[in-house]
Amino acid sequence: METPTSTRRSLLVLFAGTVGVVALLTWWVGYALPLVILAIIFIVMAHEFGHFITAKRAGMKVTDFFVGFGPVVWSTTVGETRYGVRAILAGGYVKVPGMSWTDKIAPEDESRTYRSASYPRKALFASAGSLMHLFMALVLAYASLTLVGHPSGQVGIGDFTKWQGHAQNAAQLAGLHRGDHIIAINGHTLTSETQLITTVSHSANKTLTLLVERAGRQLTVRATPVDGRTVTSGGHPLATGKNPRGLLGIGLTAVKVKDTWYGAVPSSFTMIGSLIVTAAHAIVHVFSPGEFASLFHQVASPAAATNRHNQLTRPDSIVGIARIAVQSTSQGLGYLLVIFMAVNIFVGLLNILPMLPLDGGYVAIATYERIRSRRGLRYHADVNKMMPFAYAFVSLLLVLFVCTLYLDIAHPIANQFQ
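Each residue of the sequence shown is one higher than the one before, counting from 484 in the working numbering.
Spelled out as structure tokens, the structure:
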């Protein structure tokens, strides 16, 4: 049996090992990784806080609220709840007595157990984690719309292409400046970059009228695209083929418009609604037999694992998600916020599936008990009958976790932000 000193030493070694793994991953993936890991831990603990606060409000007894798993590194008891940190910072949990009818509970605590709560309180407590993910996604959407903005129909000028033998290209001769926003072309309001590119491409040697916004003012600029076959850059013509192709010599950037604090509210719900639909399709795809067959094939075949199509369609492990989040930081805050929105929505929907040990399984059991109960006679579901299905589902999740983790480590997805 370990002495208290040796136990503390073991815990310190385990905790130091966890920090060492994070440091190694930081060196391997990027220096933004610690912030991404902290954000993921925050998301997990916010999920648990949803359970915690609803249990407290419902009058249930909460005995534990911990960050991490494994041996306890630090803990303190406030009131009836023990708060603390465990050695493996890979999640967290909230403990409420009486999650099943077979749990042995002291008579004085029975009235404050989960199983003794009314159906609405049970359903709210069990689904609180997923509701917290939805709330966080809405907050992130609101922050994205008000702080970063959303793509508008305007097109920005990022830079100019240098043409050999020309001091200035067509755009510079017309008086366009870096940072200008092109609002309309030939009297037609722009709705996309494609519209501008198509119009310019078909207007070689024809004068175009551009409505431009510069430093908050609007002005009209007339520019004449040059046939790309007649100009070169880097020793090569900028266009080939039989037909002329008009070019102005500008690099385009998407212009984002920030929503007002009140306008962002309905837009946030619209954005999250779209992500919910996308996440629902993704969950169906992830658990389809064809996707599992594809994962097994990728694990067995390096060629399949490095196939671009397979990489873009396969699910990501926590390592893959962290890497993508780190990579997205090179493109600005907007991309990172969208990724965390998607993670929250996906985890929230997955967690509400009606299968134990997910929260949705407890909602389903509580609902079934409520339907079977009669006035004065409370029905108690036999959870043991569901355990074979629960074990099968957990096994499925374990296979998915192992396969995706292996692929994300051995054959990481190519950087999509380069």
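In this text, a Cβ means the ideal position worked out from N, Cα and C, and glycines have one as well. Since we're looking at a predicted model, the values are computed, not measured.
Listed in chain order, the non-local C-beta contacts of residue 703 below 8 Å within the same chain comprise 692, 693, 694, 695, local neighbours out to five positions each way being set aside. Residue 882 is not a Cβ neighbour of residue 609, given a cutoff of 8 Å.
Taking the Cα of residue 522 as reference, the smallest distance to any Cα among 841, 896, 808 is reached at 808.
Closest in alpha carbon position to residue 744, among 766, 835, 627, is 627.
For residue 734, the enclosing beta strand (DSSP E) stretches over residues 733-740. The DSSP assignment places complete alpha helix (DSSP H) segments of no fewer than 4 residues inside the stretch 776-801 at 785-788, 791-796, in order along the chain. Take the alpha-carbon of residue 652 and the one of residue 811: they are about 33 Å apart. Inclusion of residue 575 and residue 550 in the CB contact set at 8 Å is warranted, their separation being smaller than that value.
Spatial neighbours of residue 848 in its own chain (CB-CB distance under 7 Å, excluding positions within 5 residues in sequence) are listed in chain order as 864, 866.
Boundaries of the beta strand (DSSP E) around residue 705: 700-706. By the criterion of at least three beta-carbon pairs nearer than 8 Å, the stretch 825-838 is not in contact with the stretch 588-596. For the pair of segments examined, the stretch 637-651 was found to touch the stretch 727-740: the number of CB pairs separated by less than 8 Å reaches three.
Within the DSSP bridge table, the entry for residue 716 names 719 as partners. Between residue 755 and residue 624, the CB-CB gap stays under 8 Å.
Closest by C-alpha distance to residue 727, out of 711, 547, 602, is 711. In the DSSP assignment, the residues bridged to residue 691 are 706.
Of the residues assessed, residue 646 falls on the buried side of the cut-off, its CB having 16 or more other CB atoms within 10 angstroms. The stretch 853-864 and the stretch 777-794 do not touch, with fewer than 3 CB-CB distances between them shorter than 8 Å. Under the three-state reduction of DSSP, residue 836 is assigned to coil, being neither helix nor strand. Per DSSP, the unbroken alpha helix (DSSP H) holding residue 532 starts and ends at 516-540.
The Cβ atoms of residue 579 and residue 548 lie no closer than 8 Å to each other.
Going by beta carbons, residue 767 and residue 729 fall outside the 8 Å limit. Residue 649 carries a coil assignment under DSSP once its states are collapsed to helix, strand and coil.
A contact between stretches requires three or more CB pairs, one per stretch, nearer than 8 Å, and the stretch 818-830 fails this requirement with the stretch 594-610. In the DSSP assignment, residue 554 falls within the beta strand (DSSP E) that extends over 547-561. Counting along the chain, the unbroken alpha helix (DSSP H) around residue 766 starts and ends at 747-769. For residue 665, the uninterrupted beta strand (DSSP E) segment begins and ends at 664-668.
Within its own chain, the residues whose Cβ lies closer than 8 Å to the Cβ of residue 872, once the five positions on either side in sequence are excluded, are 838, 839, listed in chain order.
Membership of residue 661 in any alpha helix (DSSP H) is not indicated, and neither H nor E is assigned to it by DSSP.
Residues 714 of the same chain have their beta carbon placed closer than 8 Å to that of residue 649, with the five preceding and five following residues left out of the count.
By DSSP's assignment, residue 696 forms a beta bridge with 664, 701. Nearest in C-alpha terms to residue 763, of all of 557, 788, 832, 741, is 832.
A contact is defined here as three or more CB-CB pairs under 8 Å, and the stretch 791-807 fails this definition with respect to the stretch 592-600. Shortest Cα-Cα distance from residue 707 to any of 655, 541, 673, 752 involves 655. For residue 605, the enclosing alpha helix (DSSP H) has its first and last residue at 602-626.
By the C-beta density criterion, residue 879 is exposed, having fewer than 16 other C-beta atoms within 10 angstroms.
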